[in-house]
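Asks:
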Amino acid sequence: MIDKTLPTISHIYQHHHLDSTQWDAFRPREGDVIAATSIKSGTTWMQWIVLKLLLPEQDPKSVRDISPWLDERMPNPSDVIEVLEAQKHRRSIKTHLPLDGLPYFPQAKYIVVGRDGRDVAMSLWNHYGNYTDHFYDFLNTHDGPAFPRCPETFQQFWKDWITKGWFDWEQDGYPFWSHLHFIQSWWDFRHLPNILLVHFADLLTDLEGEIQRVAEHIGVSLSATRRAEIAREVSFDTMKKDPEKYACVTRKNFRGGGDAFFNKGKNSYWKDVLTEPEIAQYEAAVVRVLSPDCARWLEHGGNASIESA
Numbered sequence: 001m002i003d004k005t006l007p008t009i010s011h012i013y014q015h016h017h018l019d020s021t022q023w024d025a026f027r028p029r030e031g032d033v034i035a036a037t038s039i040k041s042g043t044t045w046m047q048w049i050v051l052k053l054l055l056p057e058q059d060p061k062s063v064r065d066i067s068p069w070l071d072e073r074m075p076n077p078s079d080v081i082e083v084l085e086a087q088k089h090r091r092s093i094k095t096h097l098p099l100d101g102l103p104y105f106p107q108a109k110y111i112v113v114g115r116d117g118r119d120v121a122m123s124l125w126n127h128y129g130n131y132t133d134h135f136y137d138f139l140n141t142h143d144g145p146a147f148p149r150c151p152e153t154f155q156q157f158w159k160d161w162i163t164k165g166w167f168d169w170e171q172d173g174y175p176f177w178s179h180l181h182f183i184q185s186w187w188d189f190r191h192l193p194n195i196l197l198v199h200f201a202d203l204l205t206d207l208e209g210e211i212q213r214v215a216e217h218i219g220v221s222l223s224a225t226r227r228a229e230i231a232r233e234v235s236f237d238t239m240k241k242d243p244e245k246y247a248c249v250t251r252k253n254f255r256g257g258g259d260a261f262f263n264k265g266k267n268s269y270w271k272d273v274l275t276e277p278e279i280a281q282y283e284a285a286v287v288r289v290l291s292p293d294c295a296r297w298l299e300h301g302g303n304a305s306i307e308s309a
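Per UniProt numbering, the very first residue in the sequence shown carries number 1; after that it's consecutive.
1. V198 lies in the beta strand (DSSP E); which residues open and close that run?
2. Which residue wins for smallest C-alpha separation from T43, given the options I93, L18, P7?
3. Are the region 170-187 and the region 107-120 in contact at 8 Å, needing three or more beta carbon pairs?
4. Given a cut-off of 8 Å on the beta-carbon distance, is the pair I230 and K61 in contact?
5. Candidates F200, H191, L196, D137: which alpha carbon is nearest H217's?
6. Using three-state DSSP, classify A260 as helix, strand or coil.
7. Would you mind stating whether V112 and V198 have Cβ atoms separated by less than 8 Å?
8. Taking contact to mean 3 or more Cβ pairs, one atom from each stretch, closer than 8 Å, check whether the region 94-106 and the region 22-39 are in contact.
9. Looking at Q184 and S291, is the spacing between their C-beta atoms short of 8 Å?
10. Rounded to whole angstroms, what's the CA-CA distance from F105 to G31? Just pull it up for me.
11. Thinking just about the alpha-carbon of each residue, which of H89, D65, L6, A35 is nearest to the one in E57?
12. Taking V286 as part of the alpha helix (DSSP H), name the residues at either end of that continuous run.
13. Secondary structure at M1, three-state DSSP: helix, strand or coil?
14. Classify A224: buried if its beta carbon has 16 or more other beta carbons within 10 angstroms, exposed otherwise.
15. Specify, as a first and last residue, the run of the beta strand (DSSP E) that K94 falls within.
16. Would you say H300 lies against chain B (beta-carbon separation less than 8 Å)?
17. Return the chain-ordered list of same chain residues with a C-beta closer than 8 Å to the C-beta of W48, the five sequence neighbours on each side being excluded.
18. Going by other Cβ atoms of all chains shown within 10 Å of its Cβ, with 16 needed for buried, is I34 buried or exposed?
19. Using CA atoms only, rank isn't needed, just tell me which of L124, A228, Q22 is closest to L102.
20. Please go through the region 88-137 and give each complete beta strand (DSSP E) segment of 3 or more residues, from N-terminal end onward.
21. With the cut-off set at 8 Å, would you say R115 and F200 are in Cβ contact?
22. Considering Cα atoms alone, identify which of N303, G302, T132 is closest to N253.
23. What are the boundary residues of the beta strand (DSSP E) that includes V234?
24. Can we say the region 11-18 touches the region 134-154, given the rule of at least three CB pairs closer than 8 Å?
25. How many angstroms separate the CA atom of Q281 from the CA atom of D293?
26. Can you check whether the CB of E278 is closer than 8 Å to the CB of W158?
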């Protein structure tokens, strides 16, 4: 049975990548759109879908500048607040926070993207392995335990990622944050009218249909012609051809820059990599953290039905 109360903050997320307290200075507006994913689950993809819907007459040169990651630990978070305050159009903000670490704004629209954790792990392994020395140095300027270097083998990365969390209340996701706890925190409030769940697999199989769902959720009218245009403009092939525009990383922090950021854009590569014991580890973690209905959706996608609530 779904809890009918509104979300509240029960955890503070602060470490090498995250600082949830940076949302404290944010002043919401009617119509703000907040795109939420755990990590390597279609964050940039959804940001661009939203920007194409909200700003059809504009052609942003950088997703980082116009749709910032507000909970990214940074030296001067007030700079991002100033950028958002100066925007006159409807705003789009990115977050990687679970709902138990993020302020809930009834006047905002939330879009949550989920992805099978095994696919996330494959993409994250590529991502983590491309961090530069400069970026490691920056990440470890915070107070607290150091962010470790990427392990030499995928097997060691997988063992750490699926068996422990960084924060005390997590059971997976090390050394980043929990993928499973993230999605369950949002799943529990999917009945709220301003929260929409979208699955990465559905974006792959029916991009136009998912764009339509997002448009309806945020109150944007969309013709069939414009919907098809957006689908072409945000396709993986299009974004990979212009990585400096579409990616949210720099060569200073990420080896290969945007070229390496857009890896494969597909699912199920884990089937050729994970062993049976490793798959069993994942399945056990899912049982520990996720409700059965959330687990089914995270694996298969489809409409996040609340009929069983």
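Don't be surprised by glycine CBs; every beta carbon is placed ideally from N, CA and C.
These figures come from a predicted structure and were not determined experimentally.
Replies: To lay it out plainly:
1. Taking the first residue of the sequence shown as 1, we reach residue 198 at position 198. First-last of the beta strand (DSSP E) with V198: 195-199.
2. One-based indexing of the sequence shown puts residue 43 at position 43. Residue nearest to T43 within the set I93, L18, P7 is I93 (criterion: CA-CA distance).
3. The region 170-187 makes contact with the region 107-120, as at least three CB pairs between them are under 8 Å.
4. Numbered from its first residue, the sequence shown carries residue 230 at position 230. Numbered from its first residue, the sequence shown carries residue 61 at position 61. Not in contact: I230 and K61 (Cβ atoms no closer than 8 Å).
5. Locating residue 217 in the sequence shown gives position 217, counting from the first residue. In terms of Cα proximity to H217, the closest of F200, H191, L196, D137 is L196.
6. Here residue 260 is taken as the residue at index 260 of the sequence shown, counted from 1. In this prediction, A260 scores a pLDDT of 48, lower than 50, which makes its location untrustworthy; the coordinate-derived value is nonetheless stated afterwards. Helix.
7. For the purposes of this step, residue 112 is identified with residue 112 of the sequence shown, where counting begins at 1. For the purposes of this step, residue 198 is identified with residue 198 of the sequence shown, where counting begins at 1. Between V112 and V198, the CB-CB gap stays under 8 Å.
8. Result yes; three or more Cβ-Cβ pairs closer than 8 Å.
9. Position 291 of the sequence shown, counted from the first residue, corresponds to residue 291. Position 184 of the sequence shown, counted from the first residue, corresponds to residue 184. In this structure, Q184 lies closer than 8 Å to S291 by Cβ.
10. The residue labelled residue 105 in the question sits at position 105 within the sequence shown. The residue labelled residue 31 in the question sits at position 31 within the sequence shown. Approximately 10 Å between the Cα atoms of the pair.
11. Residue numbering aside, residue 57 sits at position 57 when the sequence shown is read from its first letter. Here the closest residue by C-alpha is H89.
12. Stepping through the sequence shown from its first residue, residue 286 is reached at position 286. 276-289 is the extent of the alpha helix (DSSP H) around V286.
13. Here the question's residue 1 lines up with position 1 in the sequence shown. Reliability of the predicted coordinates at M1 is poor, the pLDDT of 43 falling under 50, and the value obtained from them is presented with this limitation in mind. In this structure, M1 counts as coil in the three-state DSSP scheme.
14. Walking along the sequence shown from the start, residue 224 turns up at place 224. A224 is exposed by the Cβ-count criterion.
15. Against the sequence shown, residue 94 aligns to sequence position 94. From DSSP, the beta strand (DSSP E) with K94 extends over 92-95.
16. Among the chains in the structure shown there is no chain B, since it carries only a single protein chain.
17. What you label residue 48 is simply residue 48 of the sequence shown in a count that begins at 1. Closer than 8 Å at Cβ, skipping near neighbours: V63, E233, V234, M239, Y246.
18. Mapped onto the sequence shown, residue 34 falls at position 34. Counting Cβ neighbours within 10 Å, I34 comes out buried, since at least 16 surround it.
19. Stepping through the sequence shown from its first residue, residue 102 is reached at position 102. Measuring from the Cα of L102, the nearest candidate turns out to be Q22.
20. Within the region 88-137, the complete beta strand (DSSP E) runs of at least 3 residues are 92-95, 109-114.
21. Translated into positions along the sequence shown, residue 115 becomes position 115. Translated into positions along the sequence shown, residue 200 becomes position 200. Yes, the Cβ-Cβ distance between R115 and F200 is below 8 Å.
22. To locate residue 253, count along the sequence shown from 1; it is residue 253. Of the candidates N303, G302, T132, the one whose C-alpha sits nearest the C-alpha of N253 is T132.
23. As a position in the sequence shown, residue 234 is number 234, starting the count at 1. For V234, there is no enclosing beta strand (DSSP E), as DSSP marks it with neither H nor E.
24. Yes, they touch.
25. For the purposes of this step, residue 281 is identified with residue 281 of the sequence shown, where counting begins at 1. For the purposes of this step, residue 293 is identified with residue 293 of the sequence shown, where counting begins at 1. So the two alpha carbons sit approximately 19 Å from each other.
26. In the sequence shown, counting from the first residue as 1, residue 158 sits at position 158. In the sequence shown, counting from the first residue as 1, residue 278 sits at position 278. Judged by beta-carbon spacing, E278 lies within the 8 Å limit of W158, meaning their Cβ atoms are closer than that value.
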